Amino acid sequence: MNSKKKDFLISISIIFTFCLVVILYLNYFFISKFGLNQENFIYVIIPLIVLGLAIFLSFSISILKPLFKSDEKLELSIKETIHELNIPVSTIQMNIQLLEKTIKDEKSIKRLERIKQASNNLLKLYETMEYNIKKEIDKIEKQEFYLDEIIFKSCDKFDDIKKDTKIIVNVPNKALLSDLNGFEKTIDNLISNAIKYNSKDNPLVEITFKDSILSIYNNGEKIDTKNLFIVFEKYFQENPSNDGFGLGLAMVKEFCDKNKITINIETLEFGNKFNLNLKNIII
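Next comes the structure, spelled out in structure tokens:
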């Protein structure tokens, strides 16, 4: 347990204990002086409860304020640092574009490609950190985007790893309003899993949309029925020998719950189908 959590728990315990002692003493004082019956119950107990809450809130705000202020300063510092990171990354990418026009030597071109890939990875890391901070403080702005564009963009990301997997997309140009970054990550996770856990013979991923339901199907091994209720839990892996940490579907479920998207899994004869009901984010 870190020091800040320890300070918070100790502070709350002290405040609660102090308030409890005060209320118990006042309760003893008033009951011994006026007695306790149906007539004076409301006039004795209720005011004491209200007074106890008032004292608790008053002391909590004054004692815990420095802890919250410390968090606010840390949050501001992180946001400023991340913002500053964007400047050198942009400078690197701009100079790469200029060098690409002049460099002809094959070795130099390969080196430049590695620098370009590294800068793209750094930019992706920057965007992820910025998104996670905004998500933590509930400052994610909803954006309008189109379902088919997100699906095709996500499929393109997996061109290098899909190998022989056939991906069929039948999705309309449907406008949505939601957290764009979170929706992209959700689709990426589902398509990645559909490719990863596919059948070795004739691997297939089929993405369709009908009646507000986005479905992502793969013809891999069926998810065991007993695991359908825990498959979205953090660190869960049906097969422990698989790569990864079991966080992908937990992130998917977290996003769907926060954005009122119902998600369920159908286990079919030759695979699994993940269904997302997008009715609450369709424009």
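Here the sequence shown is numbered in the numbering used here, starting from -16 and rising by one per residue. In this text, a Cβ means the ideal position worked out from N, Cα and C, and glycines have one as well. Predicted model, so just to flag it, every value in this text is computed and none were measured.
- Counting along the chain, T191 sits inside the beta strand (DSSP E) bounded by residues 187 to 193.
- The segment 175 to 188 makes no contact with the segment 239 to 252; the number of CB pairs closer than 8 angstroms stays below 3.
- In this structure, the straight-line span from the alpha carbon of Y200 to that of C138 is close to 14 angstroms.
- Apart from the 5 residues on each side of it in sequence, L105 sits with its Cβ closer than 6 angstroms to the Cβ of V72 in its chain, given in chain order.
- Per DSSP, the beta-bridge partners of V152 are I190.
- Comparing alpha-carbon positions, the option among L108, D171, L34, K157 lying closest to L3 turns out to be L34.
- Taking 8 angstroms as the cut-off, the beta carbon of L95 is found no closer than this to the beta carbon of F128.
- Under the DSSP assignment, K256 falls in the beta strand (DSSP E) whose first and last residues are 254 to 260.
- Taking a C-beta distance under 8 angstroms as the contact criterion, F192 and K157 qualify as a contact pair.
- Membership of I199 in the beta strand (DSSP E) is indicated by the continuous run 196 to 201.
- For I248, the enclosing beta strand (DSSP E) stretches over residues 245 to 251.
- For L173, the enclosing alpha helix (DSSP H) has its first and last residue at 163 to 179.
- N260 and N103 have their C-alpha atoms spaced approximately 33 angstroms apart.
- The DSSP-derived three-state label of L160 is strand.
- Here T250 is not near V188, since their CB atoms are 8 angstroms or more apart.
- Taken through DSSP and simplified to helix, strand or coil, I(-2) comes out as helix.
- Its Cα nearest to that of I151, the residue D131 stands out among D131, E167, T169.
- Here the alpha carbons of K93 and K87 stand approximately 10 angstroms from one another.
- Note on geometry: alpha-carbon atoms of S43 and A37 lie some 10 angstroms from one another.
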